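For the sequence shown, the positions run 3 to 210 when our numbering is used.
All residues carry an ideal CB built from backbone N, CA and C; glycine is no exception.
In this text the structure is predicted, and so the values were computed from the model without any measurement.
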Amino acid sequence: MAVMVFDHPLIKHKVAILRSKETPMKEFRELVEEITLVMSYEAFKDAPTHKVTVETPLESCEQEMVQERSIAIVPILRAGLGMVNGVHKIFPGARVGHIGMYRDEETAEPHEYYCKLPEGIEKMNVILLDPMLATGGSACDAIGLLKKRGVKNIKFMAIIGCPEGIEKVSKEHPDVDVYVSTCDRQLNEKHYILPGLGDAGDRLFGTI
Ligand code: PRP
Ligand code: URA
Numbered sequence: 003m004a005v006m007v008f009d010h011p012l013i014k015h016k017v018a019i020l021r022s023k024e025t026p027m028k029e030f031r032e033l034v035e036e037i038t039l040v041m042s043y044e045a046f047k048d049a050p051t052h053k054v055t056v057e058t059p060l061e062s063c064e065q066e067m068v069q070e071r072s073i074a075i076v077p078i079l080r081a082g083l084g085m086v087n088g089v090h091k092i093f094p095g096a097r098v099g100h101i102g103m104y105r106d107e108e109t110a111e112p113h114e115y116y117c118k119l120p121e122g123i124e125k126m127n128v129i130l131l132d133p134m135l136a137t138g139g140s141a142c143d144a145i146g147l148l149k150k151r152g153v154k155n156i157k158f159m160a161i162i163g164c165p166e167g168i169e170k171v172s173k174e175h176p177d178v179d180v181y182v183s184t185c186d187r188q189l190n191e192k193h194y195i196l197p198g199l200g201d202a203g204d205r206l207f208g209t210i
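Here it is as structure tokens:
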């Protein structure tokens with residue numbers, strides 16, 4: 003599997019509310035977090051586990067647990083920040099790295115302005131987060147940056163994707179699994195996703 007588009011009523015329900023221009027900032031933030039959490043169940047299906055012994059009130063048993071320290075959550079700033087808690091709710095011990103990218107308003111070319119990654123990231127399973135996969139430029143550059151740091155295991159998760167962005171990431175980084183809750187119709191002339199949800203960063207942080 004390289005690209006997974008979710009076909010789940012619970013996610014569709016939440017994405018429909020997320021898209022609405024009537025949805026206020028607080029609810030928008032909560033929905034981004036909730037959708038990320040639900041998508042994470044699929045994205046972490048193959049998370050590495052180790053055996054532990056647990057004492058129940060009745061006896062001891064062998065169980066499996068995920069090695070949280072082997073997981074790095076990397077949001078693409080700003081909008082990816084809104085997704086971090088969705089993954090942290092499942093793996094509170096996961097490390098967090100940050101990659102700052104902004105799109106040029108005219109050309110939509112991504113520009114990196116910040117990068118701080120956990121030590122030893124090259125050995126970790128990285129989940130790269132950004133709610134919007136539009137032209138795919140930001141995701142591709144962020145993946146390229148992680149690979150330059152030696153990261154081998156990367157998954158990319160977005161809430162809204164579109165054919166252009168999905169194709170670009172799949173072509174440039176076929177080794178990266180891509181998870182999108184929905185694949186929208188197209189980009190408009192300003193490189194915004196249609197029908198989309200508008201500017202995710204502005205809606206998360208109230209900068210409209
Ligand atoms: C948005 C979004 C992605 C990028 C997607 O960020 O959060 O990072 O655009 O577009 P692309 O696929 O065409 O690269 P933006 O640059 O608006 O910055 P922000 O998160 O700070 O609002
Ligand atoms: N970034 C957004 O926030 N929304 C889009 O539709 C495209 C890029």
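{"Check": "Among Q188, I195, F207 and V171, which residue has its Cα nearest to the Cα of V5?", "Outcome": "V171"}
{"Check": "Starting from the C-beta of A74, find all residues in its chain whose C-beta is less than 6 Å away, skip the five residues before and the five after it, and write them out in chain order.", "Outcome": "R97, G99, P120, I123, M126 and V128"}
{"Check": "Please report the straight-line C-alpha distance between P165 and I13, rounded to a whole angstrom.", "Outcome": "19 Å"}
{"Check": "Between V86, I92 and E64, which has its C-alpha nearest V70's C-alpha?", "Outcome": "In the sequence under discussion, the amino acid at residue 70 is Glu, which differs from the Val named in the question. Closest by alpha carbon: I92."}
{"Check": "Buried or exposed: C63, going by 16 or more other Cβ atoms within 10 Å of its Cβ?", "Outcome": "exposed"}
{"Check": "Need the endpoints of the alpha helix (DSSP H) that K28 sits in, please.", "Outcome": "M27 to A45"}
{"Check": "To the nearest angstrom, how far is the alpha carbon of G82 from that of E66?", "Outcome": "30 Å"}
{"Check": "Contact between the region 171-188 and the region 136-145 is defined here as three or more beta-carbon pairs at a separation below 8 Å; is this criterion met?", "Outcome": "yes"}
{"Check": "Please go through the same chain and pick out, in chain order, the residues whose beta-carbon is closer than 8 Å to the beta-carbon of V7, but skip the five residues on each side of it.", "Outcome": "G163, V182, S183, T184 and C185"}
{"Check": "Quick check on the DSSP output: what are the complete beta strand (DSSP E) runs of length 3 or more inside the region 76-122, in order along the chain?", "Outcome": "100-105 and 112-118"}
{"Check": "Can you find the residues in the same chain that come closer than 7 Å, C-beta to C-beta, to A178, ignoring five residues on each side of it along the sequence?", "Outcome": "With the sequence shown as reference, residue 178 is identified as Val, and Ala is not the correct amino acid for it. The residues are I145, I156, K157, F158 and V171."}
{"Check": "May I have all residues whose beta carbon comes closer than 5 Å to any heavy atom of the ligand URA, sorted in chain order?", "Outcome": "M134, A136, Y194, I195, G198, D201 and A202"}
{"Check": "Could you give the distance in angstroms between the alpha-carbon of L39 and the alpha-carbon of L130?", "Outcome": "14 Å"}
{"Check": "Roughly how many angstroms separate the alpha carbons of Y194 and Y104, rounded to a whole number?", "Outcome": "14 Å"}
{"Check": "Which same chain residues, not among the five before or five after V54, have their C-beta less than 6 Å away from its C-beta?", "Outcome": "Q65 and M67"}
{"Check": "Could you spell out the range, first to last residue, of the beta strand (DSSP E) harbouring L199?", "Outcome": "Looking at the DSSP string, L199 is not in any beta strand (DSSP E), and its letter there is neither H nor E."}
{"Check": "Expressed to the nearest angstrom, what Euclidean distance is found between the alpha-carbon atoms of I78 and R31?", "Outcome": "16 Å"}
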